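Enquirer:
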Amino acid sequence: MRPNQMVLTSIDCPTCGRKMGIRTASTGVFLGCSGYALSPKERCKTTINLIPENEVLNVLEGDDAETNALRAKRRCQKCGTAMDSYLIDPKRKLHVCGNNPTCDGYEIEEGEFRIKGYDGPIVECEKCGSEMHLKMGRFGKYMACTNDECKNTRKILRNGEVAPPKEDPVPLPELPCEKSDAYFVLRDGAAGIFLAANTFPKSRETRAPLVEELYRFRDRLPENCVIWRMRRSRIRKEIKPSFALAAKQNSSTLRRKKRGKRRDGQRSSSTASGLKAKNNPLSVAAIVNRAA
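All residue numbers in the sequence shown are consecutive under the UniProt record's numbering, ending with 292.
1. Looking at C-beta atoms only, is the number of pairs between the region 101 to 110 and the region 131 to 142 that lie closer than 8 Å three or more?
2. Label CYS13 either buried or exposed according to how many other C-beta atoms from any shown protein chain fall within 10 Å of its C-beta, with 16 as the threshold for buried.
3. What residue does the beta strand (DSSP E) around LEU214 start on, and which one ends it?
4. Please determine, among SER10, VAL211, LYS127, the residue with the shortest C-alpha to C-alpha distance to ILE193.
5. Could you pull the start and end residues of the beta strand (DSSP E) that LYS45 belongs to?
6. What does the Cβ neighbour count give for THR9, buried or exposed, with the cut at 16 atoms within 10 Å?
7. With which residues is ILE193 paired in a DSSP beta bridge?
8. Would you kindly work out how many angstroms separate the C-alpha atoms of ALA196 and GLU174, rounded to a whole number?
9. Would you identify the three-state DSSP class for ARG256, choosing helix, strand or coil?
10. Take CYS145 and list the residues in its own chain whose beta-carbon comes closer than 6 Å to its own, dropping the five residues that flank it on each side.
11. Among the residues of its own chain, which have a CB less than 6 Å from the CB of LYS166, if the five just before and after it don't count?
12. Tell me the residue span of the beta strand (DSSP E) that contains THR153.
13. Among the candidates VAL185, ALA191, SER34, whose CA atom is the shortest distance from the CA of PRO201?
Here it is in structure tokens:
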């Protein structure tokens with residue numbers, strides 16, 4: 001594996017103004033601030049995700065953009081190697097030498113670009129009202145708010161539609177964590193709701209919520225909480241019967257355990273009596289006489 005050397009570029013860091021460098025990691029190529037190598041007090045950890053060219057369309061070239069990109073593969077001006085292309089933002093594309101980091105050749109192309117995969121209507125941020133644009137991260141495509149002060153994001157579903165907005169976390173101070181002094185917060189995740197420590201990422205303790213806990217704090221859930229998988233009106237109707245079902249299941253389990261213990265007791269008693277008769281000579285004689 002090639003060493004992860006940084007190739008400095010002319011791109012300024014949006015946070016501290018230092019120059020950004022091309023870095024290669026297990027997740028792909030990205031831009032990292034050159035200030036990352038400084039002391040902890042002055043260190044800058046800003047990074048910019050780079051989107052591969054096969055996920056990008058040139059708006060000015062229209063439908064022929066992908067064909068033209070394959071035909072006009074750029075060559076590095078320093079070593080002549082074919083260059084890999086990445087999208088920095090909707091206005092800039094970065095071409096990196098295929099021999100990077102051995103060769104530090106790169107080029108910046110300006111134009112109008114967009115990511116392939118979403119052609120739906122303009123999505124409005126539910127938190128600040130700004131427009132949301134399609135972006136590519138290390139976990140795939142997602143919608144991000146264009147407002148710099150708002151960091152709201154939304155997933156892109158497998159069918160190409162934008163996922164519904166997530167509900168805000170619900171703090172539950174009455175539920176303490178077991179591994180720290182924090183308390184649980186009810187959050188909405190990709191696989192449904194879950195409980196997580198309020199001090200995340202310091203404490204990463206998580207667990208699934210219990211039905212009785214949802215019923216206990218039902219008044220704190222949002223009014224139209226479709227994303228929470230269960231409305232408050234449904235909780236009153238569905239959770240109470242679930243308690244009865246759980247009690248019924250528990251009682252049947254206890255009955256099965258008792259029957260099992262009874263059978264085990266009968267087996268052990270019969271075995272013990274057989275051993276007793278076998279070891280007792282009087283009993284053996286009585287059995288022989290009875291058989292005769």
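Beta carbons: idealized from backbone N, C-alpha and C, even for Gly.
Here the structure is a predicted model, which is why all the values come from computation and not from measurement.
Expert: Quick answer:
1. Note that the region 101 to 110 does not touch the region 131 to 142; fewer than 3 beta-carbon pairs, one per stretch, sit closer than 8 Å.
2. buried
3. Looking at the DSSP string, LEU214 is not in any beta strand (DSSP E); the run it does join, the alpha helix (DSSP H), is 211 to 216.
4. Of SER10, VAL211, LYS127, the residue nearest in Cα terms is VAL211.
5. Where LYS45 is concerned, there is no enclosing beta strand (DSSP E), given that its DSSP letter is neither H nor E.
6. Looking at its Cβ environment, which holds 16 or more other Cβ atoms inside 10 Å, THR9 is buried.
7. ASP188
8. Straight-line Cα distance between these residues: approximately 13 Å.
9. Per DSSP, reduced to three states, the secondary structure at ARG256 is helical.
10. CYS125, SER130, MET132, ASN152
11. ASP188
12. Unbroken beta strand (DSSP E) run through THR153: 153 to 155.
13. VAL185
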